[in-house]
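Chains as they are written, first to last, in full-length UniProt numbering: chain C, 1 to 191; chain Z, 1 to 191; chain H, 1 to 191; chain L, 1 to 191. Beta carbons are placed, not taken as given, at the ideal position from N, Cα and C, and that holds for glycine. Have a look at the structure below before the remarks.
Protein chains: 4
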Amino acid sequence: MGDDARTRPLRADAARNRARLLDVATEVFTTRGVGVPTEEIARAAGVGVGTLFRHFPTKEALLEAVMVRRLESIADRTAELAAGSEPAAAFFDCFRLLIDQSAGKNDFARALAAAGVDVHSTLQESSAAIRDRLDVLLTGAQRAGAVRPDLGLAELLALLAGTGAAMEQLGADPDGRERIYSVVFEGLRPR
Amino acid sequence: MGDDARTRPLRADAARNRARLLDVATEVFTTRGVGVPTEEIARAAGVGVGTLFRHFPTKEALLEAVMVRRLESIADRTAELAAGSEPAAAFFDCFRLLIDQSAGKNDFARALAAAGVDVHSTLQESSAAIRDRLDVLLTGAQRAGAVRPDLGLAELLALLAGTGAAMEQLGADPDGRERIYSVVFEGLRPR
Amino acid sequence: MGDDARTRPLRADAARNRARLLDVATEVFTTRGVGVPTEEIARAAGVGVGTLFRHFPTKEALLEAVMVRRLESIADRTAELAAGSEPAAAFFDCFRLLIDQSAGKNDFARALAAAGVDVHSTLQESSAAIRDRLDVLLTGAQRAGAVRPDLGLAELLALLAGTGAAMEQLGADPDGRERIYSVVFEGLRPR
Amino acid sequence: MGDDARTRPLRADAARNRARLLDVATEVFTTRGVGVPTEEIARAAGVGVGTLFRHFPTKEALLEAVMVRRLESIADRTAELAAGSEPAAAFFDCFRLLIDQSAGKNDFARALAAAGVDVHSTLQESSAAIRDRLDVLLTGAQRAGAVRPDLGLAELLALLAGTGAAMEQLGADPDGRERIYSVVFEGLRPR
DNA sequence: TATGAATGAGCATTCATTCAT
DNA sequence: GATGAATGAATGCTCATTCAT
């Protein structure tokens, strides 16, 4: 089809602005919540508010873009892991990865929650990608006898969100985190 | 209605308003988050804003009161359960109770998070009561050999918050909820 | 007929309440300005807000009552002084008295300003009484050759208000205050 | 003079808005007191509230800016006068100028009061400038034998505030004003 | 295109005044 | 009469979004 409007080449500085905006917004939303004024995000990114709103027509759109990027990165990592290990290890490594990457505010829990039931189509896409990959990992691990066969994708997503919330509540204590993983992973074993 | 001759007429209205305000705020904060305008809460309770601010000098104070009441109710239920069963059953029944009672948005997770690290003294008290009772239940179940001995109170709180989040993410599906419980409870067993 | 509503005997406690309210309001308005909430004044007087508003139907009415009482007390003192001394001494003593009594916020300046041009009839009465007495003192002192004959009552009131403002600005320094008096009194002398 | 490096290049319309806001606020605060709602000031200046708060982050900041501007204008005029006349005339001309310029409500009295004891640094600066200039004028006039040598700067400030208050109380009557000046200036003479 | 000034609906909170107890 | 809980208009201030420069 040739050049699609959606793939129109962004001017170098515009692309850089967009990227900076996303980076800064991710950082800010993660550490200080979504209540931070857009103006502050723009300033931290070194641009004016107008530029922010040119790239993201709404604050919510910015938030969504942050989540999409996060979900995509998660999907990529998930795919990598799935490709490189045998099923059981892939599954559990991926579980840890998802959780450990969700450090900060209860941001990831929401992102995953959004992955479960969602309204926005952009997010739908990215979260569908994750769900597909997780499904593959799950059934792989189940076939390999490493995970209880009665669990479905919905329960896996819930457990991921839940484990993330547990970790967030626990804080930095590494031994404690390991014990949480231990409880969840033991619980995931076939009986 | 039903004027009781023995009730002091002075506080009757005020008490009812306070109670209504707390009920409405609990409902509203739980289902729609803490961003709801105070005016709307007041209207839903059938009082003017002034009345709301007479009873709770700050929006934050109202939120705190809601959480305290919830925590107190949780503490009471916990104590009842602990008194009536043998240790293992008491522990697991209480776990379920805490989760099932935390219906609604990510409210309970926050309440429990508040139980972990907190600033306000009123909340401190109520959450300390819960923690004490949970600690008793936990060590009882551990002595009875029903729960892994390496878990501490902090991990238990994290697991409660996490399981709550998982349930919230999962929605109403009863079989799915049971499977989540199953995973967590199996994981809690001594190996 | 019979008992006039305006002279109806106030019940003992009602009278005491009214008096306490006036005392407290005088104190509070003088030291902290008129922005203090009525509720606080009521509390300081040991009564409920309702009682305050029974005695003074409006906050402004309370303020007015405070000023009237103050003006009346000033008028009385002025009359005393006028009666007891020879004209020149009476005039200058009275000048000092008015100023020294007006310690605190720039309350008295306003009261005297109100004595000049005013809207409320109650105040009109009391301030007219002061003006009359001051006029007597002024012309007496002028006849005695102690004060410039070209000054009128209006200028005297202005000088009183101004000297009060100067004292307020100066603060407690007694030597400074004396120098201010010295300037004004020298200036009042016939040339 | 020329552009100050510290002054951010303000956009033309922004500068105009800021100026309008200051003008309107000066007018409004002077004639109707500081109780006037910010919204009304904004409307009178033909801008939205947001614009007002962009320029002056607080109502108090606006009030302060108004006073600073007034004080600066006073300081400038004072300097001009001091430069152009011999000491005695400079002193008395300046005294008149300060008073006559303080037309309006009890605004100038407050500004001078602020010059006496103050908390805000911006005001401190401008008022310090005035005080310095007044001090020079005062000692000059005293050396020239035109003013009592026992008066200090504090008393001068108090007399200025007081004379302003007297004029305000007196109203427009030109003969009366002249008599007030006469009283004060005679009183300032060395005995 | 980027900028940041302008906008104004919206929010938490206060306080004079009323009225049920 | 006295009380103080209830009322709600009003206020200072914020912030997502628009638009002139």
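Just the chain L side, please: which residues come within less than 9 Å of residue i by C-beta, in chain order?
| i | result |
| --- | --- |
| residue 188 (chain H) | 183, 186, 187 |
Run down chain Z in chain order and give the residues with a C-beta less than 7 Å from the C-beta of residue i.
| i | result |
| --- | --- |
| residue 74 (chain C) | Correct list: empty, because the minimum Cβ distance to chain Z is about 16 Å. |
Drop a sphere of 10 angstroms on the beta-carbon of residue i, count the other beta-carbons inside from all chains shown, and report buried for 16 or more, exposed for fewer.
| i | result |
| --- | --- |
| residue 32 (chain Z) | exposed |
| residue 4 (chain H) | Bear in mind that a pLDDT of 46 at residue 4 (chain H), under 50, signals an unreliable position, so the model cannot answer this. |
| residue 187 (chain Z) | buried |
| residue 189 (chain C) | exposed |
| residue 109 (chain H) | Its pLDDT being 44, under 50, residue 109 (chain H) is placed unreliably by the model, and the measurement read from it follows with that caveat. The residue is buried, with at least 16 neighbouring Cβ atoms inside 10 Å. |
| residue 178 (chain C) | exposed |
| residue 70 (chain H) | buried |
| residue 127 (chain L) | buried |
| residue 65 (chain H) | buried |
| residue 155 (chain Z) | buried |
| residue 192 (chain L) | Because chain L spans 1 through 191 in this model, residue 192 (chain L) falls outside it and cannot be assessed. |
| residue 244 (chain H) | With chain H covering 1 to 191 only, the question about residue 244 (chain H) has no answer from this structure. |
| residue 58 (chain H) | exposed |
| residue 162 (chain L) | buried |
Please list, in chain order, the chain L residues whose beta carbon lies closer than 7 Å to that of residue i.
| i | result |
| --- | --- |
| residue 151 (chain H) | 179 |
| residue 128 (chain H) | The premise fails here: residue 128 (chain H) is roughly 17 Å from chain L at the closest Cβ pair, so nothing lies under 7 Å. |
Can you give me the start and stop residues for the alpha helix (DSSP H) that residue i sits inside?
| i | result |
| --- | --- |
| residue 85 (chain L) | First-last for residue 85 (chain L): undefined, no H or E at that position. |
| residue 164 (chain H) | 153-170 |
| residue 184 (chain Z) | 174-188 |
| residue 132 (chain L) | 121-143 |
If the cut is a Cβ gap below 8 Å, which residues of chain Z does residue i touch?
| i | result |
| --- | --- |
| residue 162 (chain C) | 162, 163, 164, 165, 166, 167, 169, 180 |
| residue 33 (chain C) | The contacting residues do not exist; residue 33 (chain C) stays about 11 Å from chain Z at best. |
Using the beta-carbon of each residue, which ones in chain L are nearer than 8 Å to residue i?
| i | result |
| --- | --- |
| residue 191 (chain H) | 186 |
Along chain C, in chain order, which residues have C-beta atoms closer than 8 Å to that of residue i?
| i | result |
| --- | --- |
| residue 159 (chain Z) | 166, 180, 183 |
| residue 146 (chain Z) | Within 8 Å Cβ-Cβ: nothing; residue 146 (chain Z) doesn't reach chain C, min ~14 Å. |
| residue 172 (chain Z) | Here the premise fails: no neighbours, minimum Cβ distance about 12 Å. |
| residue 218 (chain Z) | Summary: the structure shown does not reach residue 218 (chain Z), with chain Z confined to residues 1 through 191, and so no result is reported for it. |
Kindly list, in the order they appear in chain Z, the residues whose Cβ is closer than 9 Å to that of residue i.
| i | result |
| --- | --- |
| residue 50 (chain C) | Ordered by position in chain Z, no residue passes the 9 Å Cβ test against residue 50 (chain C), which lies about 26 Å from the chain. |
Quick one: which chain C residues come within Cβ less than 7 Å of residue i?
| i | result |
| --- | --- |
| residue 45 (chain Z) | Here the premise fails: no neighbours, minimum Cβ distance about 25 Å. |
Going by Cα to Cα distance, which pick from the options is closest to residue i?
| i | options | result |
| --- | --- | --- |
| residue 50 (chain Z) | Z:87, Z:148, Z:29, Z:17 | Z:17 |
| residue 85 (chain H) | H:144, H:27, H:54 | H:144 |
| residue 35 (chain L) | L:23, L:60, L:178, L:69 | L:60 |
| residue 157 (chain L) | L:124, L:126, L:175, L:95 | L:95 |
| residue 40 (chain L) | L:25, L:71, L:126 | L:25 |
| residue 77 (chain C) | C:149, C:44, C:99 | C:99 |
| residue 82 (chain Z) | Z:130, Z:191, Z:126, Z:68 | Z:130 |
| residue 92 (chain H) | H:11, H:67, H:147 | H:147 |
| residue 75 (chain H) | H:20, H:63, H:21, H:134 | H:134 |
| residue 14 (chain Z) | Z:54, Z:191, Z:29 | Z:54 |
| residue 97 (chain Z) | Z:67, Z:123, Z:46, Z:160 | Z:160 |
| residue 68 (chain C) | C:165, C:171, C:122 | C:122 |
| residue 88 (chain Z) | Z:137, Z:172, Z:20 | Z:137 |
| residue 175 (chain H) | L:43, L:62, L:164, L:150 | L:150 |
| residue 22 (chain Z) | Z:12, Z:63, Z:37 | Z:63 |
Quick one: does the C-beta of residue i sit closer than 7 Å to a heavy atom of the ligand GDP?
| i | result |
| --- | --- |
| residue 132 (chain C) | Annotation note on the ligand GDP: not contained in the displayed structure, which lists no ligands. |
Uninterrupted alpha helix (DSSP H) stretches inside the stretch 4-82 of chain Z (no shorter than 4 residues) | 9-32, 38-44, 49-55
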